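Visitor:
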Amino acid sequence: MLQIDVARLKRSPGESARYERQATLTPLEIQGELVSFSGPVRVYLVISNTAGRWGGGISGGSAVNCTLVGNMAMEYGGGAWGSDIKNSIVYFNSAPTNGNIYAGSTAFSCSVPLVGGEENITNDPFFVDYLNGDFRLSPNSPCINVGTNAYVVGLVDLDGNPRIMGGTVDMGAYEALSSQGIDFPNPGAQLTTSTVVLAATADSGLPVSFLVLNGPALLSNGSNLIFNGTGLVSVVASQTGDATWNPATPVTNSFEVSKASATVTIPDVLATYDGTAKSASGTTAPAGLTLILTYNGATSPPTAVGSYAITGIVSDLMYQAVGTGTLTIGKGSQTITFYPIGRQYLTNVVRLAASAGSGLEVAFHLLRGPGILSASSNLTFTSLGTVVVVARQAGDLNWIAAPDVTQSVAVVIRAMTGDYDGDGQADLPIYDTVGGYWTVLSLTNSLVTWNNQWGWNTAKPVPGDYDGDGAYDLAVFDTVGGYWYIKSLTGAVITWKNAWGWSTAKPISGDFDGDGKFDLAVYDAATGFWYIKGVDGTVIAWKAQWGWSGVTVPTLGD
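Position one of the sequence shown corresponds to residue 0 (numbering that gives the first Met the number 0), numbered consecutively onward.
If you want it as structure tokens, here you go:
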């Protein structure tokens, strides 16, 4: 009897071997031209051997848990001839007749064509890599767990692994590693702030490992899954197997990660229009999140009066929230500054001036009295008395109407105060603006002059001592042509139709060069310029800037 335990025999070039009768090979790989085994052959691999006539793998004897592949016989039984075969794979052998098995008995074995015997199969055994000589069983091999334990000899297979792993012995020299599966429940939809402790189990009881395949997620400590954004996350659970277990088919779970909910608080805002933009503010929980506010859908804070729906949207990778509020801008209040008018002479033309705090235009209205309002702001008078004028600003979409402001204007006769008789005392003069008559009464109740005609209805009186004799003279300014007409109370004409002014110029009397004689002076209310010359024609001032448009009036004094 020949017994070989756990060995591999390979032929040397040109050699062959023949083992007969009671040969026991346990477990053994025989490769080369070894022929005609007889006797019990258990747990071995016979490949690529050749027999001159029959039984390329074994001839006679018995084979238990053996794998015979790639053997050849010149006549019949390329794998086995006349042998007792159990729990074995006899496949991919060749011979002119019965390429795998010829005669003998076969049970619980894999070969083609189907041979008679108990529980034999013909399916491809699905070796791991037949072409490259790996004759272990693939996980999907039909030879797994289909042998019979009644014929098992020994505790290990050709690799030294346990002979029985799945409860029933496999066919062939190698016991297939046990298959295992992974139970990996899908954790389901998650929030960005969640921490998921991944849990999976393998049938083998071996530990399962995890890998983030894609998506905004990170693993810590091997199984703690955290998120850094939103989207689809895919996690793979795997188990690589060991000496007993095949690697498990990886299980991939995919799930959506959504933003966690935050809260937004936006207090309502009440504001008053003042021409500047009004904005709101909000807070978030958790604190410090970026909040984008819109007003009726616009990102720019509003200025105009109205009610605006505020929407606050959290802009953050991890959180989402929307809050609402209301911004109400009410009309602004305004007041009017109505520049003083003061007492006016009957012949005056007053340009009214006022401003509103809103910047809107102020309108003027004549309430009552002997006045005429023209060109919206020019006030003239028709007789003596009191004229009441109101300044009004009605408001608009953004401003409340301003309170009216009124002024009462006393319209009086122009008093031509001066010393008309040269006695060193001022007299009481009056000028008739309709007919152009002068009447002067001294304080001693003596008439200095009576109905002295020197003027007309468009002439303005500008009395003064124009010849330097110590007594006031009668002088008028033609508001149509800008001419001066002056005579003394003795009747002597001092100047006649002296052109110095224009229709809108304001005549002023006074001694501007200190020579003891009054000069011809006009003031341009539109520009604030002064123009002055002596009666003799000497220009004293030309376009002297002292005043501004609309709100200044000339006054006299030393």
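Note that CB positions come from ideal geometry on N, CA and C, so glycine has one too. Remember, it's a predicted structure, so these values are computed and weren't measured experimentally.
1) Given a cut-off of 8 Å, decide if L212 and V304 are closer than it, judged by their beta-carbon atoms.
2) Taking just the CA atoms, how far does V232 sit from R10?
3) Measuring straight from C-alpha to C-alpha, what distance separates V388 and I429?
4) Reducing DSSP to helix, strand and coil, say where N119 ends up.
5) With three or more beta-carbon pairs closer than 8 Å as the criterion, would you say the region 191-207 touches the region 133-140?
6) Could you give the DSSP three-state label for N144: helix, strand or coil?
7) With 16 other CB atoms within 10 Å as the buried threshold, where does L488 fall?
8) Is A401 helix, strand or coil when you go by DSSP?
9) Looking at C-beta atoms only, is the number of pairs between the region 358-378 and the region 305-312 that lie closer than 8 Å three or more?
10) Mind checking D156: buried by the 16 CB within 10 Å criterion, or exposed?
11) Would you kindly report the start and end of the unbroken beta strand (DSSP E) that includes R391?
12) Using 8 Å as the threshold, is the C-beta distance between F226 and V256 below it?
13) List the endpoints of the continuous beta strand (DSSP E) containing V114.
14) Residues in its own chain within less than 7 Å of V263 by CB, not counting five upstream and five downstream?
15) In whole angstroms, what is the alpha-carbon distance linking T432 and V410?
16) Relative to the alpha-carbon of G230, which residue among L316, Y522, A172, D422 has its alpha-carbon at the smallest distance?
17) For the beta strand (DSSP E) that L396 lies in, which residues bound it at each end?
18) Would you identify the three-state DSSP class for A247, choosing helix, strand or coil?
19) Short of 7 Å in beta carbon distance, which residues of its chain neighbour T105, apart from the five on each side in sequence? Order them along the chain.
20) Pull up the distance between the alpha-carbon of G427 and that of T416, whole angstroms please.
21) Taking 8 Å as the cut-off, decide whether the C-beta atoms of A188 and C65 are in contact.
22) Decide yes or no for the touch test of the region 434-449 against the region 490-507: beta carbon pairs closer than 8 Å, at least 3 of them.
23) Going by Cα to Cα distance, which pick from F107, N144, G51, Y75 is closest to G98?
24) Tell me which residues share the same chain as S354 and place their Cβ nearer than 6 Å to its Cβ, disregarding the 5 neighbours each side in the sequence.
25) On the criterion of 16 or more Cβ atoms from any shown chain inside 10 Å, does I371 qualify as buried, or is it exposed?
26) Determine the burial state of Q238: buried for a count of at least 16 other Cβ atoms within 10 Å of its Cβ, exposed for fewer.
27) Just the C-alpha distance for I539 and V479, rounded to the nearest angstrom, thanks.
28) For G454, which residues of its own chain have a beta-carbon under 6 Å away from its beta-carbon, when the five flanking residues on both sides are left out?
29) Going by CA-CA distance only, name the one from A400, V349, D403 that's closest to F380.
30) So, are the CB atoms of K516 and G469 less than 8 Å apart?
31) To the nearest angstrom, how far is it from the Cα of P186 to the Cα of K258?
32) Identify the continuous beta strand (DSSP E) that holds A474 and give its terminal residues.
33) Check Y522 in the structure and name its three-state DSSP category.
34) For Y294, does the three-state DSSP call read helix, strand or coil?
35) Excluding sequence positions up to five away, which residues of its chain have a Cβ less than 7 Å from the Cβ of Y471?
Guide: Judging by the given coordinates:
1) The sequence position of residue 304 within the sequence shown is 305, counting from 1. The sequence position of residue 212 within the sequence shown is 213, counting from 1. The answer is no: Cβ separation not under 8 Å.
2) Here residue 10 refers to the residue found at position 11 when the sequence shown is read from its first residue. Here residue 232 refers to the residue found at position 233 when the sequence shown is read from its first residue. Low local confidence applies: a pLDDT of 36 at R10 is under 50, so the model's placement there is unreliable, and no value is given.
3) Along the sequence shown, read from residue 1 onward, the residue named residue 388 stands at position 389. Along the sequence shown, read from residue 1 onward, the residue named residue 429 stands at position 430. Roughly 27 Å between the two C-alpha positions.
4) In the sequence shown, residue 119 corresponds to position 120, counting from 1. Coil, per DSSP.
5) No: fewer than three Cβ pairs fall under 8 Å.
6) Taking the first residue of the sequence shown as position 1, residue 144 is located at position 145. Here N144 sits in coil by DSSP.
7) Taking the sequence shown and counting its residues from 1, one reaches residue 488 at position 489. Looking at its Cβ environment, which holds 16 or more other Cβ atoms inside 10 Å, L488 is buried.
8) Within the sequence shown, residue 401 is the residue found at index 402, counting from 1. Coil at A401, not helix or strand.
9) Verdict: no, contact absent.
10) Along the sequence shown, one-based indexing puts residue 156 at 157. D156 comes out buried.
11) Numbered from its first residue, the sequence shown carries residue 391 at position 392. Under the DSSP assignment, R391 falls in the beta strand (DSSP E) whose first and last residues are 384-391.
12) Here residue 226 refers to the residue found at position 227 when the sequence shown is read from its first residue. Here residue 256 refers to the residue found at position 257 when the sequence shown is read from its first residue. Cβ atoms of F226 and V256: closer than 8 Å.
13) Looking up residue 114 in the sequence shown gives position 115. First-last for V114: undefined, no H or E at that position.
14) Along the sequence shown, read from residue 1 onward, the residue named residue 263 stands at position 264. Leaving aside the five residues that flank V263 on each side, the residues in its chain whose CB is nearer than 7 Å to its CB run, in chain order, G281, T283, L290, G311, V313, A320, V321, G322.
15) As a position in the sequence shown, residue 432 is number 433, starting the count at 1. As a position in the sequence shown, residue 410 is number 411, starting the count at 1. Answer to the nearest angstrom: the Cα atoms are 13 Å apart.
16) Locating residue 230 in the sequence shown gives position 231, counting from the first residue. Selected option, being the one with the closest Cα: L316.
17) Here the question's residue 396 lines up with position 397 in the sequence shown. Counting along the chain, L396 falls outside any beta strand (DSSP E), and DSSP gives it neither H nor E.
18) In the sequence shown, counting from the first residue as 1, residue 247 sits at position 248. Of the three classes helix, strand and coil, the one that applies to A247 here is coil, per DSSP.
19) Along the sequence shown, read from residue 1 onward, the residue named residue 105 stands at position 106. Counting only Cβ-Cβ distances below 7 Å, and skipping sequence neighbours, we find I84, V114, G116, N119.
20) Mapped onto the sequence shown, residue 427 falls at position 428. Mapped onto the sequence shown, residue 416 falls at position 417. Reading off the sequence, residue 427 comes out as Leu, not Gly. Distance between the alpha carbons of L427 and T416: 6 Å.
21) By 1-based counting over the sequence shown, the position of residue 188 is 189. By 1-based counting over the sequence shown, the position of residue 65 is 66. No. Outside cutoff.
22) As far as the Cβ criterion goes, the region 434-449 does not touch the region 490-507, which means the pair count is below three.
23) Translated into positions along the sequence shown, residue 98 becomes position 99. Selected option, being the one with the closest Cα: Y75.
24) Position 355 of the sequence shown holds residue 354. Counting only Cβ-Cβ distances below 6 Å, and skipping sequence neighbours, we find T336.
25) Residue 371 sits at position 372 when you count from the first residue of the sequence shown. Exposed: under 16 other Cβ atoms inside 10 Å.
26) Taking the sequence shown and counting its residues from 1, one reaches residue 238 at position 239. Buried is the label assigned to Q238, since at least 16 other Cβ atoms lie within 10 Å of its Cβ.
27) Position 540 of the sequence shown, counting from 1, holds the residue named residue 539. Position 480 of the sequence shown, counting from 1, holds the residue named residue 479. Their backbone Cα atoms lie some 24 Å apart in a straight line.
28) As a first step, residue 454 must be located in the sequence shown, where it is residue number 455. Taken in chain order, the residues that qualify are G435, V475.
29) Walking along the sequence shown from the start, residue 380 turns up at place 381. Sorting A400, V349, D403 by C-alpha distance to the C-alpha of F380 places V349 at the top.
30) In the sequence shown, residue 516 corresponds to position 517, counting from 1. In the sequence shown, residue 469 corresponds to position 470, counting from 1. Taking 8 Å as the Cβ cut-off, K516 and G469 do not qualify as a contacting pair.
31) Residue 186 sits at position 187 when you count from the first residue of the sequence shown. Residue 258 sits at position 259 when you count from the first residue of the sequence shown. Approximately 16 Å, taken between the alpha carbons.
32) Mapped onto the sequence shown, residue 474 falls at position 475. Unbroken beta strand (DSSP E) run through A474: 473-477.
33) In the sequence shown, counting from the first residue as 1, residue 522 sits at position 523. In the three-state DSSP reduction, Y522 falls in the strand class (E or B).
34) Here residue 294 is taken as the residue at index 295 of the sequence shown, counted from 1. In the three-state DSSP reduction, Y294 falls in the strand class (E or B).
35) Position 472 of the sequence shown, counting from 1, holds the residue named residue 471. Sequence-distant partners of Y471 (beyond 5 residues in either direction) whose C-beta falls short of 7 Å from its own C-beta, in its chain, are G417, D418, Y419, P462, G463, D464.
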